[in-house]
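Numbering (the UniProt record's numbering), first residue to last: 1 to 200.
C-beta atoms are modelled at their ideal positions from N, C-alpha and C, and glycine is treated no differently.
Note that the coordinates shown come from a computational prediction; the quantities given were computed from them, not determined experimentally.
Down below is the structure, laid out as structure tokens.
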Amino acid sequence: MLMPNKLDPPPSKSQLRPSIAPSDNFAVCIHPHLVLYIILSSIYIYITKMSQLTHRTTQATTQPSSTQRATQRTDAPATNVSNPPTNRRTGRQQGSQGYSGNDCLALVNFVKHVQPLGSNDWEHVHELYNQYALEAGRSTRDADPLKTKFRAMVSSRKPTGDPDCPVWIREAKRANMMIKDRAHSIAFVDEDNGEMGSDD
1 MLMPNKLDPP
11 PSKSQLRPSI
21 APSDNFAVCI
31 HPHLVLYIIL
41 SSIYIYITKM
51 SQLTHRTTQA
61 TTQPSSTQRA
71 TQRTDAPATN
81 VSNPPTNRRT
91 GRQQGSQGYS
101 GNDCLALVNF
111 VKHVQPLGSN
121 DWEHVHELYN
131 QYALEAGRST
141 RDADPLKTKF
151 RAMVSSRKPT
161 GDPDCPVWIR
171 EAKRANMMIK
181 DRAHSIAFVD
191 EDNGEMGSDD
């Protein structure tokens, strides 16, 4: 090792710094650009693949496959009516009459009178209700909606915050108990008749 000469000037900062090989210096300079290139290439590949996928799906929906064409030829349209709109409201038709309190009370009274157990009994309730509706200027109804309305009144609860239950609800529950009692008594009579016939 050489001894420094006292006459030599002190080393500069660049001489004190360790030397970097040219390959290391190149990697440091290119590295950010290389990362950017890789990111941009990945985005380009992703966009290209997505556009190809979108192009294929639009072709599939616009051009039916051979199996779809074969089934389309064999299937005959059931009706010429267009599909109903999907945003259609449920419930009653606009402008139709709902049940008033008097309508409900009349229905309950007819049910109490007939105490329907089967479809024939409900037809009788239907006839009585429609006679009332014509006289009162109200809408006539079919038997099934009348049965549904009666069952809704039976299963309804007392309104929250209102100490008084509507009369037609209370009477509907009473009529339902009368129907159940009638059904039990008919079943009891049938059992007695069956036992009497077996004793002979």
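Query, Result
"Looking at Q115: is its Cβ nearer than 9 Å to the Cβ of A175?", "yes"
"Mapping the DSSP letters down to three states, classify T148 as helix, strand or coil.", "helix"
"Looking at C-alpha atoms only, which residue of L107, Y46 and L34 is the closest neighbour of K147?", "L107"
"Work out the CA separation of I169 and Q131 for me, nearest whole Å.", "22 Å"
"Counting only the same chain and skipping the five closest in sequence on each side, list residues whose C-beta sits under 8 Å from that of I179.", "V111, Q115, P116 and L117"
"Out of curiosity, what's the CA-to-CA distance linking G137 and D162?", "31 Å"
"Mind reading off the beta-carbon distance from Q97 to S139? Whole number of angstroms is fine, and I expect it under 8 Å.", "4 Å"
"Using the C-alpha atoms, what's the distance from D164 back to residue 205?", "One cannot answer for residue 205 here, as it falls past the ends of the chain, which runs 1 to 200."
"In angstroms, rounded to a whole number, what distance separates the CA positions of L34 and L40?", "10 Å"
"Pick out the complete alpha helix (DSSP H) segments inside the UniProt domain \"DUF6818\" (116-194), 4 residues or longer, and give them in chain order.", "119-136 and 143-155"
"Can you say whether D181 is buried or exposed, counting buried as having 16 or more other CB atoms within 10 angstroms of its CB?", "exposed"
"Using a threshold of 9 Å, state whether the C-beta atoms of Y99 and K149 are closer than that.", "yes"
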